[in-house]
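Colleague: First residue of the sequence shown: 832, per my numbering; consecutive thereafter. A virtual CB, placed ideally from N, CA and C, is assigned to each residue, including glycine. Here the structure is a predicted model, which is why all the values come from computation and not from measurement. For reference, the structure I am asking about is given below.
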Amino acid sequence: MVFRADPAIISQFVPEPLELASDVVEARVTAHYQPGHGLPIEAAAIHARVRYNGQEGRFPLLTIGTSDEQMCANREELGMPVVFGESRMWSKGNTWWGIGQRDGNEIIRISVFPERTEAPESSRERIQTP
832 MVFRADPAII SQFVPEPLEL ASDVVEARVT AHYQPGHGLP IEAAAIHARV
882 RYNGQEGRFP LLTIGTSDEQ MCANREELGM PVVFGESRMW SKGNTWWGIG
932 QRDGNEIIRI SVFPERTEAP ESSRERIQTP
């Protein structure tokens with residue numbers, strides 16, 4: 832989910848030497864399997880768009896991780912702000928919900944109801960190519 836937030840508030844969580852590039856913030860809840868890991872990798876996260884030396888990218892303001900392996904890789908090796916918690920996704924009809932919580936307190940809750948879906952432009956071109 833993408834939304835706009837107050838830059839004065841977001842910038843408080845962006846460490847130097849990064850600088851806030853936009854008031855656009857992304858919130859996500861994910862669950863995916865990676866070969867060799869066995870358990871699903873689940874997380875909830877909030878990302879800001881940042882800039883460093885003219886290069887733009889995303890910086891995780893907060894990630895809620897669900898496994899020791901994820902915590903070790905993201906926090907200890909990559910220096911990302913990760914806390915241990917729970918994430919969950921569920922659906923009913925076309926609506927999907929996702930939450931991220933820590934110690935029973937909801938920190939992130941998002942919901943999505945797609946009214947219409949389309950393949951990305953590059954997929955449509957591939958499909959139409961003989």
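Would you say the segment 887-898 touches the segment 857-876, given that touching needs at least three Cβ pairs under 8 Å?
Modeller: The segment 887-898 is in contact with the segment 857-876.
Colleague: Distance check for Pro945 and Asn925, CA to CA, integer angstroms please.
Modeller: On the sequence shown, position 94 is the one that residue 925 refers to. On the sequence shown, position 114 is the one that residue 945 refers to. If I take the Cα positions, the gap works out to 7 Å.
Colleague: Around the Cβ of Ser942, are there at least 16 other Cβ atoms within 10 angstroms (buried) or fewer (exposed)?
Modeller: Along the sequence shown, one-based indexing puts residue 942 at 111. In the assembly as shown, Ser942 is an exposed residue. Its beta-carbon has fewer than 16 other beta-carbons within 10 Å.
Colleague: If you draw a straight line from the C-alpha of Ser918 to the C-alpha of Leu893, how long is it?
Modeller: Here residue 918 corresponds to residue number 87 of the sequence shown, with the count starting at 1. Here residue 893 corresponds to residue number 62 of the sequence shown, with the count starting at 1. Approximately 13 Å, taken between the alpha carbons.
Colleague: Could you give the distance in angstroms between the alpha-carbon of Glu937 and the alpha-carbon of Gly929?
Modeller: Position 106 of the sequence shown holds residue 937. Position 98 of the sequence shown holds residue 929. If I take the Cα positions, the gap works out to 11 Å.
Colleague: How big is the Cα-Cα spacing for Ser922 and Arg933?
Modeller: Here residue 922 refers to the residue found at position 91 when the sequence shown is read from its first residue. Here residue 933 refers to the residue found at position 102 when the sequence shown is read from its first residue. Distance between the alpha carbons of Ser922 and Arg933 is about 22 Å.
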